[in-house]
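>
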Amino acid sequence: MSSTYDRPDSDPVFVEVFRMILIVMFLLFSPSCVFAQSGFATDHSSWDQVLRDYVTNGRVRYGELKQRRAKLDSYLEQLKEVTVEDLAELEREERMAFWINLYNASVVRIVLDQYPVKDVEAIPAMFRTRTVETLNDAFSPAELRDEILRLGFRDERLVTALVSGRMDSPRLAPEAFSGGRLNEQLDQAAQVFVDDDTFNRIEPGKKKIFLSPLFKEFGDDFILNYGTAKPPDGFSEPEAAVIGFILDHSKDPPKRLFLNAGRYKISYFPPNSGLNEYQEPEK
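Each residue of the sequence shown is one higher than the one before, counting from 1016 in the working numbering.
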């Protein structure tokens, strides 16, 4: 998944940057008391049901979902009607859950619109096209991920919670994110990702570990909370921060002990843009 994307030719770069800064600043720092309290709370139950019905082991059963996509489409239509004022009434965790769910659901919808497809790179400008509508505006998936979520909320656990439709992206959680449980859910997403040998192969005693390419692409995201002024010899600052993140979230004691020793080199798995579709195990 690429972290870069093209701006529409009709919009000057400075206008785009200014637009996104205004949106992020408003959503993060507007006090809820500015607007009359309407008791608004984003309802993610439809998306939650889609995840429970059509996601197995973090992979999507796209063929089945395409035949019964009404609930997903209805959910995204619901979020399309959300306004800036609505979001300003929510707590930070609820706003963050809103954007995570909107992003993940939108990625699934984009894939469904093109399905059957075997590789997400076959979908033209998937992350650059402004196909996501909300707040009386339109966003690209890349803008949601990079500017609103990663830049706006500065939580490195997002790297393990945001799904791109690719096999090398995190497994899709079996439930929608919610404000009341967001911290617990993000911790769970991080633990599942770091301890999944599909993404990170860390074998105690080996001289080399293999990490997800996401840790290489988004390594700087981990420096805020896990960076160190003097990384261990042989490690860059982002690499040392990523190791700190893994140590903080892994539930595997032998793996943690091995990583703490630092006597290994880091390599990365190659990118895999194949579709994150669930496949029945061979009998």
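Ideal Cβ positions, reconstructed from N, Cα and C, are used throughout, including at glycine.
Which ranges does the alpha helix (DSSP H) cover as unbroken runs of at least 4 residues, wholly within the region 1227-1280, from first to last along the chain?
Segments of the alpha helix (DSSP H) lying fully in the region 1227-1280: 1228-1232, 1238-1241, 1252-1264 and 1268-1276.
> Would you mind reading off the limits of the beta strand (DSSP E) that contains V1147?
Residue 1147 sits at position 132 when you count from the first residue of the sequence shown. Unbroken beta strand (DSSP E) run through V1147: V1147 to T1149.
> With distances taken from CA atoms, which of A1255, S1184, G1277 and K1223 is nearest S1288?
Taking the first residue of the sequence shown as position 1, residue 1288 is located at position 273. The shortest Cα separation from S1288 among A1255, S1184, G1277 and K1223 belongs to S1184.
> Output yes if chain C places a C-beta closer than 8 Å to the C-beta of P1189; else output no.
The structure shown has no chain C; it contains just one protein chain.
> Can you name, in chain order, every residue of its own chain whose Cβ lies under 6 Å from the Cβ of K1280, other than the five neighbours on each side?
The residue given as residue 1280 occupies position 265 in the sequence shown. Hits under 6 Å: K1223.
> Where L1272 and Y1130 are concerned, what is the direct C-alpha to C-alpha distance, given to the nearest angstrom?
Counted from its first residue, the sequence shown places residue 1272 at position 257. Counted from its first residue, the sequence shown places residue 1130 at position 115. Each residue's Cα considered, the two are about 44 Å apart.
> Suppose contacts are defined by Cβ-Cβ distances below 8 Å. Is T1144 in contact with S1121 by that definition?
For the purposes of this step, residue 1144 is taken as residue 129 along the sequence shown, with counting starting at 1. For the purposes of this step, residue 1121 is taken as residue 106 along the sequence shown, with counting starting at 1. Contact: no.
> Confirm, please, whether the CB-CB distance from Y1283 to L1226 is below 8 Å.
On the sequence shown, residue 1226 is found 211 positions in, with the first residue counted as 1. On the sequence shown, residue 1283 is found 268 positions in, with the first residue counted as 1. In contact: L1226 and Y1283 (Cβ atoms closer than 8 Å).
> What are the residues that DSSP puts in a beta bridge with S1282?
Taking the first residue of the sequence shown as 1, we reach residue 1282 at position 267. Within the DSSP bridge table, the entry for S1282 names F1225 as partners.
> Mapping DSSP to helix, strand and coil, what is S1053?
For this step, residue 1053 is matched to residue 38 along the sequence shown. Low per-residue confidence applies at S1053: pLDDT is 31, beneath 50, and the placement is therefore not dependable enough to give any value.
> Per the contact definition of three or more C-beta pairs closer than 8 Å, is the region 1149-1164 in contact with the region 1197-1210?
no
> What's the gap between the Cα of Q1200 and the Cα of L1066?
Position 185 of the sequence shown, counting from 1, holds the residue named residue 1200. Position 51 of the sequence shown, counting from 1, holds the residue named residue 1066. Spanning the two alpha carbons is a distance of roughly 15 Å.
> What separation, rounded to the nearest whole angstrom, lies between the Cα atoms of E1297 and L1102?
Working through the sequence shown from its first residue, we reach residue 1297 at position 282. Working through the sequence shown from its first residue, we reach residue 1102 at position 87. So the two alpha carbons sit approximately 46 Å from each other.
> Measuring straight from C-alpha to C-alpha, what distance separates A1191 and D1063?
As a first step, residue 1191 must be located in the sequence shown, where it is residue number 176. As a first step, residue 1063 must be located in the sequence shown, where it is residue number 48. For A1191 and D1063, the distance between alpha carbons rounds to 5 Å.
> Pull up the distance between the alpha-carbon of G1195 and that of E1109, whole angstroms please.
In the sequence shown, the residue the question calls residue 1195 occupies position 180. In the sequence shown, the residue the question calls residue 1109 occupies position 94. Distance between the alpha carbons of G1195 and E1109: 7 Å.
> According to the Cβ coordinates, are V1123 and V1135 closer than 8 Å?
Within the sequence shown, numbered from 1, the residue matching residue 1123 stands at position 108. Within the sequence shown, numbered from 1, the residue matching residue 1135 stands at position 120. Their beta carbons are not under 8 Å apart, which means V1123 does not touch V1135 by this criterion.
> Nearest to D1170 by alpha carbon, out of F1214, P1139 and A1112?
In the sequence shown, residue 1170 corresponds to position 155, counting from 1. Nearest option by C-alpha distance: A1112.
> Alpha carbon to alpha carbon, how far is E1218 from L1286? Give it in angstroms, no decimals.
Within the sequence shown, numbered from 1, the residue matching residue 1286 stands at position 271. Within the sequence shown, numbered from 1, the residue matching residue 1218 stands at position 203. Per the sequence shown, residue 1286 should be read as Pro rather than Leu. Roughly 21 Å separates the two Cα atoms.
> Would you identify the three-state DSSP class for R1074, choosing helix, strand or coil?
Against the sequence shown, residue 1074 aligns to sequence position 59. Looking at R1074 - three-state DSSP - the assignment turns out to be strand.
> Return the chain-ordered list of same chain residues with a C-beta closer than 7 Å to the C-beta of D1235, the five sequence neighbours on each side being excluded.
Taking the sequence shown and counting its residues from 1, one reaches residue 1235 at position 220. Excluding residues within five positions, the ones whose Cβ falls inside 7 Å are P1253.
> Below 7 Å CB to CB, which residues in the same chain sit around P1189 once its five sequence neighbours on both sides are set aside?
Residue 1189 sits at position 174 when you count from the first residue of the sequence shown. Non-local C-beta neighbours of P1189 in its own chain, meaning closer than 7 Å and more than five positions away in sequence, comprise L1066, R1067 and V1070, ordered along the chain.
> DSSP beta-bridge partners for R1181?
Here residue 1181 corresponds to residue number 166 of the sequence shown, with the count starting at 1. According to DSSP, R1181 bridges with L1290.
> Is F1142 helix, strand or coil by DSSP?
Taking the sequence shown and counting its residues from 1, the one referred to as residue 1142 is at position 127. Correct three-state label for F1142: coil.
> Could you give the uninterrupted runs of the alpha helix (DSSP H) lying entirely in the region 1067-1133, keeping only those of 4 residues or more?
1077-1082, 1085-1095, 1099-1103 and 1107-1129
> Counting C-beta neighbours from all protein chains within 10 Å, is the total for N1215 16 or more, i.e. buried, or is it exposed?
Numbered from its first residue, the sequence shown carries residue 1215 at position 200. N1215 is buried by the Cβ-count criterion.
> When the distance is taken between beta carbons, is R1074 closer than 8 Å to N1275?
In the sequence shown, counting from the first residue as 1, residue 1275 sits at position 260. In the sequence shown, counting from the first residue as 1, residue 1074 sits at position 59. Cβ atoms of N1275 and R1074: not closer than 8 Å.
> So, at 7 Å on beta carbons, what are the nonlocal neighbours of F1154 in its own chain, with the 5 sequence-adjacent residues on each side left out?
If you number the sequence shown from 1, residue 1154 lands on position 139. Taken in chain order, the residues that qualify are R1145 and V1147.
> Would you kindly report the start and end of the unbroken beta strand (DSSP E) that includes G1153?
Within the sequence shown, the letter at position 138 stands for residue 1153. With the sequence shown as reference, residue 1153 is identified as Ala, and Gly is not the correct amino acid for it. That run of the beta strand (DSSP E) goes D1152 to F1154.
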